[in-house]
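**Student:** Pasting a structure below so you can have a look.
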Amino acid sequence: MIKLVNVWFKYVGGREWVLKDVNLEFRRGEVVVLRGPNASGKTTLMKVASLIYKPSKGSVVVNDDMDVWSRGGDYLVKYRRMVTYVSEKPVMFKGTVYDNIAYGLTLRNYSLSEVERRVYEVSRKLGIEHMLDKDVKVLSAGEKQVVSLARALVLTPAIMFLDEPLTNVDEDRRKTVINALKEFKSLGSGLVIATHLYEGLDEINPDKVVILKNGVVVKIT
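The following block contains the structure:
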């Protein structure tokens, strides 16, 4: 579980608070959809919750332990490996689709056979197994989005934060992505999805929908 306690956030040099006194919990096996207009704070909230950004004020508590940022060091590294953040604008590493999906597994020193097994398994679920030998330079924006999702799914994180995961994804592939996310949830992992395209996400049966406006949680349903 990741708990945001009285979290405020302001960018360095910024005058305005981007997040204002946010209190939220994200749990394994739970799907949370974050909704709100542009510049409402959705992306910043996810980056704070996924331990990319340190809150300006407040605490980020993992598994009912003390504030992760107060512990720092090895604790921060440990908890960061429990979560994954997928950007709306994915960054591809040089090489093939396979190289990109395998990247995180290689860093974690998985065996070659386990890397291959996981990469092929997740690529089949997302319908991109035929693309594994492609250089990422030739991929469309939608294809890069799916590869970025595969790169996260292959790590089987406890909680995955997805920023507009259906952006640029065509209708045919959108259904495949949604089915993969449903399976990911069924395995007991958590999903936090920021989106303005709610269409199709109701199939995942979100447990909570959080509405943000000007950095404030205005409604939870």
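With the first letter of the sequence shown counted as 1, position 112 gets the number 112 in UniProt numbering; the numbers rise by one all the way through. Cβ atoms here follow ideal geometry from the backbone N, Cα and C, with glycine treated the same way.
At a cut of 8 Å, does the segment 198-218 reach the segment 53-63 through at least three beta carbon pairs?
**Tutor:** No contact exists between the segment 198-218 and the segment 53-63.
**Student:** Taking the alpha helix (DSSP H) that L19 belongs to, which residues open and close that run?
**Tutor:** Residue mapping note: residue 19 aligns to position 19 of the sequence shown, counting from 1. That residue, L19, is in no alpha helix (DSSP H); its beta strand (DSSP E) goes L19 to F26.
**Student:** Between I52 and the rest of its own chain, which residues show a CB-CB distance below 7 Å, the 5 nearest in sequence each way excluded?
**Tutor:** Translated into positions along the sequence shown, residue 52 becomes position 52. So the qualifying residues of the chain are Y85.
**Student:** Could you check the C-alpha separation between N168 and S148 for me, to the nearest Å?
**Tutor:** Counting from 1 along the sequence shown, the entry for residue 168 is found at position 168. Counting from 1 along the sequence shown, the entry for residue 148 is found at position 148. Distance between the alpha carbons of N168 and S148 is about 13 Å.
**Student:** Expressed to the nearest angstrom, what Euclidean distance is found between the alpha-carbon atoms of K54 and K182?
**Tutor:** Numbered from 1 along the sequence shown, position 54 holds the residue referred to as residue 54. Numbered from 1 along the sequence shown, position 182 holds the residue referred to as residue 182. Cα to Cα, K54 sits roughly 30 Å from K182.
**Student:** Alpha carbon to alpha carbon, what distance is there between V32 and K42?
**Tutor:** Position 42 of the sequence shown holds residue 42. Position 32 of the sequence shown holds residue 32. Each residue's Cα considered, the two are about 12 Å apart.
**Student:** Taking the alpha helix (DSSP H) that D74 falls in, what are its first and last residues?
**Tutor:** Mapped onto the sequence shown, residue 74 falls at position 74. Per DSSP, D74 belongs to the alpha helix (DSSP H) from G73 to R80.
**Student:** Report yes or no: do three or more beta-carbon pairs, one from the segment 146-162 and one from the segment 112-130, lie closer than 8 Å?
**Tutor:** Verdict: yes, contact present.
**Student:** Sorted by chain position, which residues of the same chain lie with C-beta nearer than 8 Å to G72's C-beta, five sequence neighbours on each side aside?
**Tutor:** Residue mapping note: residue 72 aligns to position 72 of the sequence shown, counting from 1. Within the same chain, G72 has no close Cβ partners at all.
**Student:** At which residues does the beta strand (DSSP E) containing V60 begin and terminate?
**Tutor:** What you label residue 60 is simply residue 60 of the sequence shown in a count that begins at 1. Run containing V60: K57 to V62, per the beta strand (DSSP E) assignment.
**Student:** Closest to K3 by CA distance: which of D67, L34 and G14 is it?
**Tutor:** If you number the sequence shown from 1, residue 3 lands on position 3. Here the closest residue by C-alpha is D67.
**Student:** Would you give the residue range spanned by the beta strand (DSSP E) that V5 belongs to?
**Tutor:** Residue mapping note: residue 5 aligns to position 5 of the sequence shown, counting from 1. Run containing V5: I2 to F9, per the beta strand (DSSP E) assignment.
**Student:** Put K103 into one of helix, strand or coil per three-state DSSP.
**Tutor:** On the sequence shown, residue 103 is found 103 positions in, with the first residue counted as 1. The question names Lys, but residue 103 in the sequence shown is Tyr. Three-state result, Y103: helix.
**Student:** Less than 8 Å between the beta carbons of V83 and A158, yes or no?
**Tutor:** Walking along the sequence shown from the start, residue 83 turns up at place 83. Walking along the sequence shown from the start, residue 158 turns up at place 158. For V83 and A158, yes; Cβs fall inside 8 Å.
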